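For the sequence shown, this note's numbering assigns the number 3 to the initial residue and increments by one for each residue that follows.
Even for Gly, the Cβ is constructed at its ideal location relative to N, Cα and C.
This structure is a prediction, so every number in the text was calculated from the model and none was measured.
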Amino acid sequence: MEAAGALPERRRRVWPLAIAIHVVLLLALLAVSREGAAAVVLPVVIAALALTVTVWALFLARRQRMAYEARLTAWAGERAAQAERLRIARELHDIVSHGLGLITVRATTARYPGAEDDSAAALSDIERIGRQTTTELRRMLNVLRDSTDMAAPLRPAESLHDLPAIVEDAERAGPTVTLKLGEIDDISSGAQLAICSVVREALTNTARHAGPTSANVYIRRDGGWIVTSVWDEGRVDGWTPHPGSGHGIEGLRERVTAIGGTFQAEHVENGFRVTARIPEARTP
């Protein structure tokens, strides 16, 4: 029995038996007398048997190979389906967790003692975030409902040009963010998307756990890596943390390591810092 999800085992049960039969036939041929009718008839019979065994072994080996290839194809399809389900789950988690998290934090920030913005501004931001989240959920569900529906609205992959908007959204939720970019031109679209994901999730966590604190985003090149660091100054007095599902950091770790990078999340002094090292891939 093969373990569920394990790579199918290729069975080779035909050729050992066929080789054993050939050895027996060879020994029988060597034992045949060199005189009389047996010296003429038995070698022909043994040769015919050897040919029959060879044809039988080739036929069964081909059937076994076809069965193995069918199992291997089914296994690969199952693995691909699992990977796709994981990707979809991660996308849905990001959409729901980020949107609802920002709504909750924005409402809390408006009630925080000393908040400068009024309820109308907070309600406006909550409405905007809610509409964006609903649109993203509808887009994802439309794609899932009919993968051939080319009319489903698609959005371009995020790039470094989206970082100011990501920072602006985070600041509406409370933190004051300082963004610093080093010499990071000619980065692949995949690396830019990973950077945006790291910055968004890290700033969302800052807003949830630390409130209207100060946060820093620094993106730089380090040899063959693009290093993205996001850290905050710690929770402000009187702020009540709003924990999320707990999968955001692990999701980032999976994303970064999947493209060959490294990810670290740690407490530093009074705050928290995440650092992602993404392998550099310059665009042609």
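Alpha carbon to alpha carbon, how far is A204 from A78?
Here residue 204 refers to the residue found at position 202 when the sequence shown is read from its first residue. Here residue 78 refers to the residue found at position 76 when the sequence shown is read from its first residue. Taking the straight line from one Cα to the other gives about 34 angstroms.
Indicate the three-state DSSP secondary structure (helix, strand or coil) for D224 in the structure shown.
Stepping through the sequence shown from its first residue, residue 224 is reached at position 222. Three-state result, D224: strand.
At the 8 angstroms Cβ level, is I197 part of the contact set with chain D, yes or no?
The structure shown contains no chain D, having only a single protein chain.
Under the three-state reduction of DSSP, which class applies to D188: helix, strand or coil?
Here residue 188 refers to the residue found at position 186 of the sequence shown. Correct three-state label for D188: coil.
Just tell me which of E268, Q194, G226 and I228 has its CA closest to the CA of G236.
Taking the sequence shown and counting its residues from 1, the one referred to as residue 236 is at position 234. Ranking E268, Q194, G226 and I228 by Cα distance to G236 puts E268 first.
Could you have a look at I168 and say whether DSSP puts it in helix, strand or coil?
The residue you call residue 168 lines up with position 166 of the sequence shown. Helix.
Which partner residues of L181 appear in the DSSP bridge assignment?
If you number the sequence shown from 1, residue 181 lands on position 179. V219, per the DSSP bridge assignment.
Compare the C-alpha of V201 against each of L139, V276, E71 and L53 and name the closest.
As a working mapping, residue 201 is identified with position 199 in the sequence shown. V201 has its Cα closest to that of V276, out of L139, V276, E71 and L53.
Using C-beta distances below 7 angstroms, list every residue in its chain close to E256, excluding the 5 sequence neighbours before and after it, in chain order.
Numbered from 1 along the sequence shown, position 254 holds the residue referred to as residue 256. Around E256: no qualifying Cβ.
Going by C-alpha distance, which of C198, L32, E271 and A212 is nearest I280?
One-based indexing of the sequence shown puts residue 280 at position 278. Ranking C198, L32, E271 and A212 by Cα distance to I280 puts C198 first.
I'd like the list of long-range same chain contacts for R222, defined as Cβ closer than 6 angstroms, with 5 residues on each side in sequence excluded.
As a working note, residue 222 is residue 220 in the sequence shown. Closer than 6 angstroms at Cβ, skipping near neighbours: G184 and V229.
With DSSP as the reference, identify every bridge partner of F274, one or two as the case may be.
Start at 1 with the first residue of the sequence shown, and residue 274 comes out as number 272. Note: F274 sits in a beta bridge opposite H269.
Three-way DSSP call (helix, strand, coil) for R73 in this model:
Taking the sequence shown and counting its residues from 1, one reaches residue 73 at position 71. R73 falls in the helix class under three-state DSSP.
Cβ-Cβ distance between V16 and L51 below 8 angstroms
As a position in the sequence shown, residue 16 is number 14, starting the count at 1. As a position in the sequence shown, residue 51 is number 49, starting the count at 1. No, the Cβ-Cβ distance between V16 and L51 is not below 8 angstroms.
For P243, name the three-state secondary structure that DSSP assigns.
Start at 1 with the first residue of the sequence shown, and residue 243 comes out as number 241. P243: coil per DSSP, three-state reduction.
May I have the straight-line CA-CA distance separating G225 from I21, to the nearest angstrom?
Taking the first residue of the sequence shown as 1, we reach residue 225 at position 223. Taking the first residue of the sequence shown as 1, we reach residue 21 at position 19. Between G225 and I21, the C-alpha separation is close to 58 angstroms.
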